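These protein sequences, in sequence, are chains A and B. Each residue of the first sequence is one higher than the one before, starting from 1 at the first, in our numbering. Each residue of the second sequence is one higher than the one before, starting from 1001 at the first, in our numbering. The beta carbon of each residue, even a glycine, is placed where N, CA and C say it ideally should be. Quick caveat: nothing in here was measured; it's all calculated off a predicted structure. Below you'll find the structure, written out as structure tokens, and then a few comments.
Protein chains: 2
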Amino acid sequence: MTSTLGYAILAVLARGERTGYDIAAAMRRPVSYFWTARHSQIHAELQKLAAGGLVAFETRHGPGPQDKKVYRMTPEGGDALRAWVTEPPRERPERDELVLKTYASWLADPELVRRLFAEQLRMHEERLAEYEREEELFGGPPDPGDPRFGNYATLRCGLGYERHRAEWCRWMVAQLSSARA
Amino acid sequence: MTSTLGYAILAVLARGERTGYDIAAAMRRPVSYFWTARHSQIHAELQKLAAGGLVAFETRHGPGPQDKKVYRMTPEGGDALRAWVTEPPRERPERDELVLKTYASWLADPELVRRLFAEQLRMHEERLAEYEREEELFGGPPDPGDPRFGNYATLRCGLGYERHRAEWCRWMVAQLSSARA
DNA sequence: TCAGACTATGTCAGAAGTGACATAGCCTGG
DNA sequence: CCAGGCTATGTCACTTCTGACATAGTCTGA
């Protein structure tokens, strides 16, 4: 029915009412491990969701040329989201620039490739440390019926991803260092 | 200059001449760990690359309404690809349907969510076994100047990814099982 | 010999996503 | 008091990607 972005917006609104701006902020790196979108896309999608009756809004006075709109999920929106959650996800297309560069890395100067991966490793380690700090703020996993479970579970995914990625980068750096020696 | 898809195509052509059909086959799951695209996109991009002088083609007789076109990378294409490889990749937007579903999973029936993840786990274990078989075919990592290094290194990434993903799914299943008990 | 799979190239409408532009009040610190 | 950042919504042109449609020769096995 709705696009995946629509469900992402509903997933945010399921936690409470928000303006489009708030949703955009929630769906921006490094806050969001679950979906990313720009505000231009979000405002457009909110209009579609409102037209479909999945969200409703209330206009309140606020700064800016227009008044702000506070959105909330309607019962129909909740039904749609709940039904969607347990359906199997579509297989996602693999499109990772770093992996593609790796595939073509045999063409390039190994020292430059090594630097590229060393820098990526640094970034992953940094992000990993950040996620680990965040994880400590949870005192263990929340109950699966708690909204915070969603945050914790996605954070766990991010944590595992950064570890895997850092390890891979470390392996690449090692490969390219031994080639030089 | 070119789009990322353009570089993906060049990365394939760097290994030898190919038809658009061949490239599409190489960039289709589960063959490709490096980039995915449909043939409709690839034929269009090849035309752009040819216009830009990064690839050239030769028409040969083949089946179908049109003759087949065998593409190869030009020296300019090689230069462009080599220069691009060592440039830092753009940060990729996180858009993973399963992670999004996880974020909203607290709303749904835990048993249905458990089944979703059990099925995902099964798929990741299957793919992992497949990748492990493929890895055995390499007798250790090729030299970084060997085209096969690109294949091996991306396979290593896929291997790490599937392991991380499987572990996360296993954790999710455990969380949702204990909730039921 | 004939069905069906595979090789092969392309178009097109539409959806999804990007990046820039536009506009303007509110709040905080120097 | 004023600059600069934050809140806030929106449009628009453009690129990228998807999925369906179209077309037709070759090769293989039943």
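Along the segment 1062-1080 of chain B, where does the CB come closer than 9 Å to a CB of chain A? Name the residues.
Those residues of the segment 1062-1080 of chain B placed with their C-beta closer than 9 Å to a C-beta in chain A are Gly-1078, ordered along the chain.
Quiz item: What are the boundary residues of the beta strand (DSSP E) that includes Val-70 of chain A?
Solution: In the DSSP annotation of this structure, the continuous segment of the beta strand (DSSP E) that includes Val-70 of chain A starts and ends at 68-73.
**Report entry** is_contact[Tyr-103 of chain A, chain B] using C-beta, thresh 7 Å
**Finding:** Yes, its Cβ sits closer than 7 Å to a Cβ of chain B.
- Item | Per-residue DSSP class, three states only, for Phe-117 of chain A | DSSP places Phe-117 of chain A in helix when its eight states are reduced to three.
Measure how close the beta-carbons of Tyr-33 of chain A and Leu-155 of chain A come, nearest whole angstrom, since I'm counting them as under 8 Å. Rounded, the Cβ-Cβ distance is 6 Å, consistent with contact.
What's the gap between the Cα of Asp-22 of chain A and the Cα of Ala-50 of chain A? Distance between the alpha carbons of Asp-22 of chain A and Ala-50 of chain A is about 17 Å.
When the Cα atoms are used, what is the spatial distance from Tyr-1071 of chain B to Ala-1014 of chain B?
-> If I take the Cα positions, the gap works out to 11 Å.
**Asked** Of the residues A:His-43, A:Arg-115, A:Ala-11, A:Glu-130, which one's Cα is nearest the Cα of Thr-1086 of chain B?
**Response** When the alpha-carbon of Thr-1086 of chain B is set against those of A:His-43, A:Arg-115, A:Ala-11, A:Glu-130, the nearest one is in A:Arg-115.
*Leaving out five residues on either side along the sequence, give the residues of the same chain with a beta carbon under 8 Å from the beta carbon of Pro-93 of chain A.*
For Pro-93 of chain A, where only same-chain residues beyond five positions count, there are no Cβ hits under 8 Å.
Buried or exposed: His-1061 of chain B, going by 16 or more other Cβ atoms within 10 Å of its Cβ?
-> Exposed: under 16 other Cβ atoms inside 10 Å.
Is Val-173 of chain A close to chain B, meaning its C-beta is less than 7 Å from at least one C-beta of that chain? Contact of Val-173 of chain A with chain B is not assigned, every C-beta pair being separated by 7 Å or more.
* Inter-residue CB distance, Gly-1145 of chain B and Trp-106 of chain A (contact presumed, cutoff 8 Å) -> Sure, about 6 Å apart at Cβ, within 8 Å.
Quiz item: Count the other CB atoms within 10 Å of the CB of Leu-1137 of chain B; is the residue buried (16 or more) or exposed (fewer)?
Solution: Looking at its Cβ environment, which holds fewer than 16 other Cβ atoms inside 10 Å, Leu-1137 of chain B is exposed.
Out of A:Arg-127, A:Asp-143, A:Ala-83, which has the shortest C-alpha to C-alpha gap to Arg-29 of chain A?
-> That would be A:Arg-127, whose Cα lies nearest to the Cα of Arg-29 of chain A.
Does Asp-146 of chain A get closer than 7 Å to chain B when you measure Cβ to Cβ? The beta carbon of Asp-146 of chain A sits closer than 7 Å to some beta carbon of chain B.
**OP:** Leaving out five residues on either side along the sequence, give the residues of the same chain with a beta carbon under 7 Å from the beta carbon of Glu-1233 of chain B.
**Re:** Because chain B here runs from 1001 to 1181, residue 1233 of chain B falls outside it and cannot be looked at.
What residues from the segment 13-40 of chain A come within 9 Å of chain B, judged by C-beta to C-beta, listed N to C?
Taking 9 Å as the Cβ-Cβ cut-off, the segment 13-40 of chain A approaches chain B at Ala-14, Arg-29, Ser-32, Tyr-33, Phe-34, Trp-35, Thr-36, Ala-37, given in chain order.
Worksheet item: Excluding five sequence neighbours on each side, which residues of the same chain lie with their C-beta closer than 8 Å to the C-beta of Phe-1149 of chain B?
Response: Pro-1141, Pro-1142, Asp-1143.
### Task
Please list the partners that Ala-153 of chain A has in chain B, where partner means a Cβ-to-Cβ separation under 8 Å.
Those within 8 Å of Ala-153 of chain A in chain B are Thr-1102, Tyr-1103, Ser-1105, Met-1172, Gln-1175.
Discussion item. Given this structure, state the Cα-to-Cα distance separating Ala-1011 of chain B from Arg-1018 of chain B, to the nearest angstrom.
Written reply: The alpha-carbon of Ala-1011 of chain B is positioned some 11 Å away from that of Arg-1018 of chain B.
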